[in-house]
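*Asks:*
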Amino acid sequence: MHSPIYMKERSLKLFEALAYSNFIVALGAASLGYLNTMILALPQHQILTAFLFTSTFLIYNLQRRLTLSNDKQAETELEKWNERNKNIVNLLTLISLAFSLYFYLKLPFNVALVVIPLAVISFAYVLPFKNGYSLREIPYLKVLIVSFSWAITTVILPILSADANHLFLESTPYLLIVSIMAFVFAESLPFDIRDLYIDQKNRLKTIPLGLGVKKSLILSVLCFSLTLSCMLYLHLEGTISSLILWCFALSVAVALLLFLKIKTGMSHLYYALLLDSVLFLPLSFYLLLS
2 MHSPIYMKER SLKLFEALAY SNFIVALGAA SLGYLNTMIL ALPQHQILTA FLFTSTFLIY
62 NLQRRLTLSN DKQAETELEK WNERNKNIVN LLTLISLAFS LYFYLKLPFN VALVVIPLAV
122 ISFAYVLPFK NGYSLREIPY LKVLIVSFSW AITTVILPIL SADANHLFLE STPYLLIVSI
182 MAFVFAESLP FDIRDLYIDQ KNRLKTIPLG LGVKKSLILS VLCFSLTLSC MLYLHLEGTI
242 SSLILWCFAL SVAVALLLFL KIKTGMSHLY YALLLDSVLF LPLSFYLLLS
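Quick note, the sequence shown lines up with residues 2 to 291 if you use the working numbering.
1) In the DSSP assignment, find the unbroken alpha helix (DSSP H) run with Pro159 in it and report its ends.
2) Do Leu284 and Leu259 have their C-beta atoms closer together than 7 Å?
3) Is the number of C-beta pairs between the stretch 198 to 216 and the stretch 153 to 160 that are closer than 8 Å three or more?
4) Using only the alpha-carbon positions, how far apart do Phe52 and Ser278 sit?
5) Assess contact between the stretch 106 to 121 and the stretch 175 to 186, defined as three or more Cβ pairs (one per stretch) separated by less than 8 Å. Is contact present?
6) From what residue to what residue does the alpha helix (DSSP H) around Asn91 run?
7) Beta-carbon within less than 7 Å of Ala250's beta-carbon, same chain only, minus the 5 sequence neighbours each way: which residues are those?
8) Can you give me the Cβ contacts of Phe16 inside the same chain, cut-off strictly under 8 Å, excluding the 5 residues immediately before and after it?
9) Assuming Leu49 and Val112 are in contact, meaning their beta carbons sit under 8 Å apart, how far apart are those beta carbons, in whole angstroms?
10) Smallest Cα separation from Ile263: which of Glu188, Gln201, Leu289 and Leu237?
11) Can you tell which of Ala20, Leu36 and Leu43 has its C-alpha closest to the C-alpha of Tyr61?
12) Could you tell me how far apart the beta carbons of Ile245 and Ile40 are, in whole angstroms, since I believe they sit closer than 8 Å?
13) Considering just the uninterrupted stretch of the alpha helix (DSSP H) at Lys143, what are its terminal residues?
14) Which whole-angstrom value describes the C-beta separation of Val144 and Asp193, a residue pair presumed to lie in contact below a C-beta threshold of 8 Å?
15) Which class does Tyr126 belong to by DSSP, given the choice of helix, strand or coil?
16) What residue does the alpha helix (DSSP H) around Arg204 start on, and which one ends it?
17) Here's the rule I'm using: 16 or more other beta-carbon atoms within 10 Å means buried, otherwise exposed. How should Ile219 be labelled?
18) I need the straight-line Cα distance from Ser97 to Trp82, nearest angstrom please.
19) Looking at the secondary structure, which residues open and close the alpha helix (DSSP H) in which His236 lies?
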C-alpha cells in the first residue's frame, strides 16, 4: 500500500506529463473539431479528428523544441521538464509525425491543400526568416495566429472533408469561425501573461506587455462574451440546441473562475493543465449532459 505522499507525487508527475507534453492541447483541438462537426450537422470524419490530434501534438512540440534550442538555458519549470524528458518527448514527437503523415495522406485532396499553408504558418511562427526574425516577433501577432489557425482547422476542415461547400453560402460557418477564434483567443491570452517577463526579456511585444495584466484579462472576458453572443444567435435561429449553448456557457464559467487566480509568476502547470483543459470542456460537458 503506497503512502498518500507517494500517490500525490505520482499524480503530480502524471499531470505534468499530460500538460507539458502538449497532450491536453492536442485533445482540445481534436475535441473542438469533433464538436463543430456536430454543430454543422456533418458526418464525423474519424481520420480528420485523429489528424487534428496528432498534428497539433506534433506542431506544438516542434515549436517548443525549436524555441528551446534557440534559448541559452532552460529557465521555467516547463522548459526544465522538457529538458529532463527530452528523449521521451522526442520519441513521442516522432511517433506523432508518423501518424500525422499517415492520416494526412488519407485526407480528402481539398483538405490536404488547406493544411499546407496552415503548416507553413505554424513553422514560420518560430523559424526565423533570412532577416533573423520569425512571425512571433511581429508585435501582438502571437495570439491572433493561434486563434485563427484553430478556427480554420476546427471549422473549415470539417466542412471541406464532408464536401459540404454549400455551407459557405450560409452565415453559420462564419459565425462559428468568429466564435471559436474568440474562444481560443480568450483562453490563450493568459499564456502571454504567464510569459510576461520572458517575452519582455526577449523583446517580444505581446498584448499583456502593451495593455497590462488586468486589461488583458478584461479583453479575454470580452472575447468569451463574443463567443457566447455568437452561440446565442445560432441558438435563436435554430442552428444549435440549447445544450450546445449551455456547454459553451459552462466552459466559459469555468475559465472565468480560473482567471480569478491568474497573476504573474504563477506555476506553469496551472496554465498548461487547467487553462488548456478549457479547450475540451465544451465537448466534455456535451457528452456528460446529453
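Backbone N, C-alpha and C fix where the C-beta goes; we use that ideal spot for every residue, glycine too.
*Replies:* The structure says:
1) Secondary structure note for Pro159: its alpha helix (DSSP H) is the uninterrupted segment Leu158 to Ser162.
2) Result no, Cβ atoms of Leu284 and Leu259 do not sit closer than 7 Å.
3) No: the two stretches stay apart, fewer than three of their Cβ pairs being nearer than 8 Å.
4) Taken atom to atom, the span from the alpha-carbon of Phe52 to that of Ser278 is near 19 Å.
5) In short, these stretches do not touch, since the Cβ pair count stays below three.
6) Counting along the chain, the alpha helix (DSSP H) containing Asn91 begins and ends at Lys87 to Leu106.
7) Here the set comprises Leu229.
8) Spatial neighbours of Phe16 in its own chain (CB-CB distance under 8 Å, excluding positions within 5 residues in sequence) are listed in chain order as Leu270 and Leu274.
9) Contact flag correct, Cβ pair sits at about 7 Å.
10) Measuring from the Cα of Ile263, the nearest candidate turns out to be Glu188.
11) Shortest Cα-Cα distance from Tyr61 to any of Ala20, Leu36 and Leu43 involves Ala20.
12) Contact between Ile245 and Ile40 holds: CB atoms are separated by about 6 Å, below the 8 Å threshold.
13) Boundaries of the alpha helix (DSSP H) around Lys143: Lys143 to Ala152.
14) At roughly 6 Å, the Cβ-Cβ gap stays under 8 Å, so Val144 and Asp193 are in contact.
15) Correct three-state label for Tyr126: coil.
16) Per DSSP, Arg204 is not a residue of any alpha helix (DSSP H), being assigned neither H nor E.
17) Exposed, by the Cβ-count rule.
18) In this structure, the straight-line span from the alpha carbon of Ser97 to that of Trp82 is close to 19 Å.
19) Its alpha helix (DSSP H) spans residues Val214 to Leu237.
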